[in-house]
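Structure record follows, encoded as structure tokens.
Chains as they are written, first to last, in the working numbering: chain A, 246 to 684; chain B, 246 to 684.
In structure tokens, the structure reads:
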């Protein structure tokens, strides 16, 4: 570490070698470099982080099932009002399927044919619950009878998907949506249909899609102060080199999560992740670093939520300073509209926005040429975000977003490289942590 | 394993439960199931694989630097004719940069200004060398003088990139192209310019881009009978659960590669990878399984090549039966046009096409509805592939491609799921291996 630091100093010197030619950059660079001297010893920053972590572990576990049920209990007859699906083990899902099928069989034997009661997942049926800080489905079911020309095919598909899920659970394996589709292309027609019915089945059974053992492809990676078992294999994420550990697609195979980290650092992009991993940032400030490499996939969201719920650590986010970066935060925090029924299990409320924030651009004097003008589309998305509940709830976020829209400038995390390749890990992040500069 | 197998049997029975309703699928399914009985005991298949592996390790290591230099030695004055860049350690790259800069300084002091000699990377300058089975650059350099309005800016960018690479190497870190761009946005203007000059610098110095410590983002994953060190951390890929180990972006941090595998299984897609990982296919047939999740990225290509060169194992490929699957094979085997100068270090010649091949569709009686009609674009790409040298060299490949174009049908790996979710790992692949059905 100290060796690297010394080399770091030399490199910074080299970087300012061409200073005389570009005065403005040089001023910004030397100011940026001067911030290094503001850094207190690591021990002092660690003390700050420790109090953050302990405050977080004492607070009620936001978004955990206990808070969900508490919030729901405050309303009238909550189970009847909203659909909140939950993780279920295979035995429980299997017996739910059995019950459904037995009911259908009984109905057929009594001469009434059979019909499924399917919750509506329409957008008009999705509401944001401030208490839960999540989008949920209003309970409104429609009948899907087999003995009706309009619904016969869908009822058949539903029965088929139920039977396929049953087979998958019984074998104790996991499959993808695509696998499911290919088991009966003739019936399903196209994958959108089997996917849609899979979501129906998930709501009907009141369990998450991952409980059905139908998994999404993963692209997330994790490194840092974390150990867990992936399908029984013990994984030590401090020993995963620079590449990191691929986040498992099937969250139910993850167990035995342990960590001595003080926080979770959620990173939007691969390049910043690589910088943090190579510099072993987590050894200087004990943390777990993860990224979905852009738009968050389901596996990464499930994994983050598991970490948050089990370890009760604060989550700090490092994203680009643009509307898209905020959008990504919103997906982690509130879920996406088309998975709303599953949102309780996919979302991690209470993520702190560490950076890069619009106000950082001036605060750290990011050179003009490293900022990018916002496009019309960016501005449109930014304005829409201002209307979103998850933004409006946080005064600090509103201010930052307003700053972004006023200056019409955005910047990527990598813009910090203009002060040196390791500025992110050596100055920017430590200073942010020291100043508790998250909102 | 045996537990899973037993469950497998039960599941297969369940899958054929709805057989009476769909006779055609059922016939195909029962035929597919009958292939299971053709499987000989694993010990016999393993013997086949062992002889394949030993044949491969005895053959001259195709594509390794020794074969490259041997092939080149056969031509007249090869170094003068072609540019073949190679991996270099940091000290060597640094001293090459120093020599370039000293030459420039001497030239300036003698009053002649300075100029870089930059190899042309134009498409017209790229040739396919059958002996090497690779695309290389013809050596043709153009001067890039500073004292010329037309080239002054590019010469400045070149000098700047040389100095940045020097700083990166001295610090012993790795950066992305994007990081490099952000260090001097004002000079570079846009990233395409710094990227292009980076490629120039790579050719000028005669070393690979990864030797410059400028890395690509990784998306590949690996599991199976492989251990290696990633930045000093010992990684055992049999203990990476279902998620696998993310392939490191910086290949020069990979060392100590060891394996008791008999072959490398290169998989096009994530879903098939997951199936193989969850079923721990590598424990039944010792192998290393890797995927780039679609279009191969540079990190995965470098990693595959390292495995092939160091372990001298046969590489068997499992891709979709469509022109795109073959395209992916071609990128692994011959490189892509815009990285031709680096092709020697990125390509893995002699990959065997295991499946899914056009002839498999009938051989395994893949149901009609699981096959897809080729689009006009597919057919165009397929016809172009027929003209490519790497296809023409392999009679078997030509036949398969002709079959594809004649039937105008394509299929994904997952089409095999129509015979059961684990058909791929339990029947298709074992039978392929037993019958040595690769070309």
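Quick reminder that beta carbons are idealized off the backbone N, C-alpha and C, glycines included. Only a predicted model underlies this, so the values are computations on that prediction, with no experimental measurement involved.
Using alpha carbons as the reference points, say which of the options lies closest to residue i.
i	options	result
residue 645 (chain A)	A:602, A:447 and A:633	A:602
residue 302 (chain B)	B:618, B:668 and B:554	B:554
residue 420 (chain A)	A:431, A:432 and A:406	A:406
residue 618 (chain A)	A:655, A:605 and A:643	A:655
residue 590 (chain A)	A:639, A:375, A:332 and A:467	A:332
residue 416 (chain A)	B:530, B:524 and B:581	B:524
residue 424 (chain A)	B:517, B:414, B:577 and B:368	B:517
residue 469 (chain B)	B:533, B:411 and B:442	B:533
residue 578 (chain A)	A:354, A:285 and A:596	A:596
residue 436 (chain B)	A:639, A:633, A:653 and A:614	A:614
residue 676 (chain B)	B:272, B:274, B:287 and B:299	B:287
residue 374 (chain A)	A:662, A:580, A:610 and A:611	A:580
residue 362 (chain B)	B:587, B:426 and B:345	B:345
residue 624 (chain B)	B:661, B:367, B:652 and B:598	B:652
residue 606 (chain B)	B:621, B:633, B:629 and B:663	B:663
residue 499 (chain A)	A:551, A:433, A:400 and A:444	A:551
residue 515 (chain B)	B:502, B:383 and B:467	B:467
residue 372 (chain B)	B:391, B:390, B:350 and B:328	B:328
residue 667 (chain B)	A:291, A:427 and A:399	A:427
residue 600 (chain B)	B:556, B:678, B:349 and B:358	B:678
residue 473 (chain A)	A:495, A:502 and A:457	A:502
residue 471 (chain A)	A:399, A:504, A:431 and A:367	A:504
residue 593 (chain A)	A:632, A:569 and A:548	A:548
With a cut-off of 8 Å on the beta carbons, I'd call residue i and residue j a contact; round off their distance for me.
i	j	result
residue 465 (chain B)	residue 492 (chain B)	4 Å
residue 683 (chain B)	residue 535 (chain B)	Their Cβ separation, rounded to whole angstroms, is 17 Å, which puts residue 683 (chain B) and residue 535 (chain B) out of contact at 8 Å.
residue 497 (chain B)	residue 455 (chain B)	6 Å
residue 365 (chain A)	residue 385 (chain A)	5 Å
residue 563 (chain B)	residue 506 (chain B)	No, residue 563 (chain B) and residue 506 (chain B) are not in contact; Cβ-Cβ is about 15 Å, not under 8 Å.
residue 670 (chain A)	residue 604 (chain A)	Going by Cβ atoms, the distance from residue 670 (chain A) to residue 604 (chain A) rounds to 21 Å, so no, they are not a contact pair.
residue 284 (chain B)	residue 672 (chain B)	7 Å
residue 410 (chain A)	residue 381 (chain A)	That belief does not hold up - the Cβ atoms of residue 410 (chain A) and residue 381 (chain A) are roughly 23 Å apart, past 8 Å.
How would you write the range of the alpha helix (DSSP H) that residue i sits in, first residue to last?
i	result
residue 545 (chain B)	543-556
residue 523 (chain A)	515-523
residue 662 (chain A)	Careful: residue 662 (chain A) lies outside any alpha helix (DSSP H) and carries neither H nor E.
residue 676 (chain B)	674-679
residue 297 (chain B)	287-303
residue 635 (chain A)	634-637
residue 685 (chain B)	The displayed coordinates of chain B run from 246 to 684. Any statement about residue 685 (chain B) would go beyond what the structure contains.
residue 567 (chain A)	Where residue 567 (chain A) is concerned, there is no enclosing alpha helix (DSSP H), given that its DSSP letter is neither H nor E.
residue 607 (chain A)	603-608
Could you pull the DSSP bridge partners for residue i from this structure?
i	result
residue 508 (chain B)	B:532
residue 472 (chain A)	A:481 and A:503
residue 617 (chain B)	B:655
residue 561 (chain B)	B:510 and B:597
residue 386 (chain B)	B:364
residue 490 (chain B)	A:490 and B:467
residue 420 (chain B)	B:459
residue 331 (chain A)	A:452
residue 588 (chain B)	Paired residues: none, contrary to the question.
residue 381 (chain B)	B:372
Where does the unbroken beta strand (DSSP E) through residue i begin, and where does it stop?
i	result
residue 457 (chain B)	Taken as a continuous stretch (DSSP letters only), residue 457 (chain B) belongs to no beta strand (DSSP E), as it is neither H nor E.
residue 371 (chain A)	371-374
Stretch pair the stretch 446-453 of chain B + the stretch 333-350 of chain B: three plus CB contacts closer than 8 Å: Flag = yes, the stretch 446-453 of chain B and the stretch 333-350 of chain B touch.
The stretch 538-548 of chain A in contact with the stretch 564-577 of chain A per 3-pair CB rule at 8 Å: Yes: the two stretches touch, three or more of their Cβ pairs being nearer than 8 Å.
Inter-stretch contact (C-beta, 8 Å, three-pair minimum) for the stretch 453-462 of chain B and the stretch 543-550 of chain B: Yes: at least three Cβ pairs fall under 8 Å.
Three or more C-beta pairs below 8 Å linking the stretch 479-494 of chain B and the stretch 476-495 of chain A: The stretch 479-494 of chain B makes contact with the stretch 476-495 of chain A, as at least three CB pairs between them are under 8 Å.
Cβ contact check for the stretch 469-479 of chain A and the stretch 478-485 of chain B: 3 or more pairs under 8 Å: With three or more CB-CB distances shorter than 8 Å, the stretch 469-479 of chain A counts as touching the stretch 478-485 of chain B.
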